[in-house]
Amino acid sequence: MSAGNLTANRLGLAMAYMAGYSLCYALLWAIVRHLSEELHPFQLVFFRTVLGFLFILPALRRIDTSKLKIIPRPLYFFRAIFNITSVFGAFYAVSHIPLADAVAYSYLAPIFATLLAALFLGEKFRLARLLAVLCAFAGMLVLLRPGFQELGPGVIGALVSALCFAATMTCVKKLTGEDPPSVVTFYGFALGTPISLVVALFFWQWPTALQWPLILVLGVCSVTAHICMARAFSLAEMTAVMPVDFTRLIFASLIGITLFGDPFDIFTWIGAAMILSSSVYVAYRENRKGKKPEVSTS
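Using full-length UniProt numbering, the first residue of the sequence shown is number 1, and each one after it goes up by one.
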């Protein structure tokens with residue numbers, strides 16, 4: 001097999017993994033949407049976190065224990081708080097706004113991360129990156145349509161989720177420069193699980209026998225999505241596979257319209273396309289500089 005065919009096969013497989021990631025996340029959010037009719041979304045965050053921790057523990061068995069400390073550095077706590085808050089916001093948004101809208105707002109996270117990296121990591125903010133950010137924020141305005149629709153709590157939750165996930169990525173970028181990724185992943189779950197439990201206890205309601213299987217599937221979808229994303233990025237450059245993430249909007253829209261009666265909104269697609277294309281361009285610029293954009297693993 002020629003080198004060109006091998007590269008094409010790797011890219012095709014990477015794109016398939018990215019589509020799998022998109023499908024898993026669309027299914028995960030659909031399950032959250034359904035379960036949140038009776039269970040508080042903050043309680044579902046705890047189930048997602050603890051199940052993710054249990055599923056991923058076998059993969060962490062080779063972790064370098066010499067890197068672990070009883071009291072980790074403060075940045076690990078901030079990372080856990082940002083990450084859990086991001087999931088809180090996403091699950092709350094999914095329970096209040098159409099699935100496609102929630103996905104569209106999530107595309108803002110890499111753009112917010114670009115701004116945070118410039119502010120806190122000292123990364124240079126050149127004209128090309130500024131134009132990409134402005135395009136993304138124009139896409140956000142298309143989604144929000146201020147003056148034409150109300151800025152409800154679900155939209156606020158989605159924006160908080162994107163901003164906090166950006167903060168999570170910024171923390172991960174800093175931490176992985178000093179510790180192995182497995183250590184960063186371990187602390188993400190180890191600290192995130194008790195934080196999500198404390199919040200969940202304020203809204204606790206025991207799931208029914210019919211809800212437990214869906215909660216288990218929720219955890220499986222979450223872990224599978226992260227595995228698919230990691231495999232995709234290991235097989236091909238991020239800029240090559242990131243456009244496939246647009247299928248997440250397609251899956252979410254189809255599920256939302258079919259199962260939940262969500263309306264079809266062309267402005268959601270236009271805004272999402274503007275935001276995602278800006279994110280892809282930012283990733284392309286990072287790749288040209290030889291820097292690999294960070295992805296949170298929990």
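The C-beta atom is built at its ideal place from N, Cα and C for all residues, glycine as well.
Owing to the predicted nature of the structure, the values given are computational and were not obtained by experimental measurement.
Margin query: Just to confirm my understanding: we take L51, look at its own chain, exclude 5 residues before and 5 after, and list those with CB closer than 6 Å. What are they?
Written below: Hits under 6 Å: G219.
Next item on the list: Alpha carbon to alpha carbon, how far is T114 from L134? Give it in angstroms, no decimals.
Entry: If you take the alpha carbons of L134 and T114, they lie about 12 Å apart.
Note to self: I believe A93 touches G154 by the beta-carbon criterion, under 8 Å. Please report the beta-carbon distance rounded to the nearest angstrom.
What the structure shows: Correct: roughly 5 Å between the Cβ atoms.
Check: First and last residue of the alpha helix (DSSP H) that includes Q205?
Finding: Per DSSP, Q205 belongs to no alpha helix (DSSP H) and is neither H nor E.
Next item on the list: Locate the alpha helix (DSSP H) running through P243, then write down its first and last residues.
Entry: No alpha helix (DSSP H) holds P243; DSSP gives it neither H nor E.
Notebook entry, point to check: How long is the line joining the alpha carbons of A200 and F42, rounded to whole angstroms?
Noted result: Each residue's alpha carbon lies about 6 Å from the other.
Item checked: Nearest residue (CA-CA) to L163, options M18, F82 and S222 -> When only C-alpha atoms are compared, the closest one is F82.
Next item on the list: Could you tell me whether the segment 188-207 touches the segment 116-129, where touching means 3 or more Cβ pairs closer than 8 Å?
Entry: With a cut-off of 8 Å, the segment 116-129 and the segment 188-207 do not count as touching, because too few Cβ pairs lie within range.
Notebook entry, point to check: Among A240, L119, P58 and F267, which has the Cα closest to the Cα of L141?
Noted result: Selection A240, L119, P58 and F267 evaluated against L141 yields F267 as nearest (Cα-Cα).
Next item on the list: To the nearest angstrom, report how far apart S277 and A190 are at their CA atoms.
Entry: So the two alpha carbons sit approximately 34 Å from each other.
Notebook entry, point to check: Quick one, are the C-beta atoms of residue 387 and S161 less than 8 Å apart?
Noted result: Any property of residue 387 remains undetermined from this structure, which presents the chain solely from 1 to 298.
Checklist line | Presumed contact (8 Å Cβ cut-off) between L23 and L35, rounded CB distance | finding: About 19 Å separates the two Cβ atoms, so there is no contact after all.
Check: Going by the CB atoms, is the gap between L99 and R48 shorter than 8 Å?
Finding: The criterion of a C-beta distance shorter than 8 Å is not satisfied by R48 and L99.
Item checked: Coil, strand or helix - residue 325 by DSSP -> Given a span of 1 to 298 for the chain in the structure shown, any question on residue 325 remains unanswerable.
Item checked: The alpha helix (DSSP H) enclosing Y105, as first and last residue numbers -> From DSSP, the alpha helix (DSSP H) with Y105 extends over L99 to S106.
Note to self: Are the CB atoms of C228 and M18 within a distance shorter than 8 Å?
What the structure shows: Yes, these two residues count as a Cβ contact at 8 Å.
Next item on the list: For L259, collect the residues of the same chain with a Cβ closer than 7 Å to its Cβ; drop the 5 residues on either side in sequence, then sort them by chain order.
Entry: Taken in chain order, the residues that qualify are A30.
Next item on the list: Could you give the DSSP three-state label for I111: helix, strand or coil?
Entry: I111 falls in the helix class under three-state DSSP.
Next item on the list: Spatial neighbours of T224 within its chain, please: CB distance less than 6 Å, with the 5 preceding and 5 following residues excluded, ordered by chain position.
Entry: For T224, the CB contacts under 6 Å within the same chain, skipping 5 residues up- and downstream, are C24 in chain order.
Notebook entry, point to check: What did DSSP end up calling R61 once you bin it into helix, strand or coil?
Noted result: In the structure shown, R61 adopts coil according to DSSP, grouped into three states.
Next item on the list: Return the CA-CA distance between F53 and R129, expressed in angstroms with no decimal places.
Entry: Taken atom to atom, the span from the alpha-carbon of F53 to that of R129 is near 36 Å.
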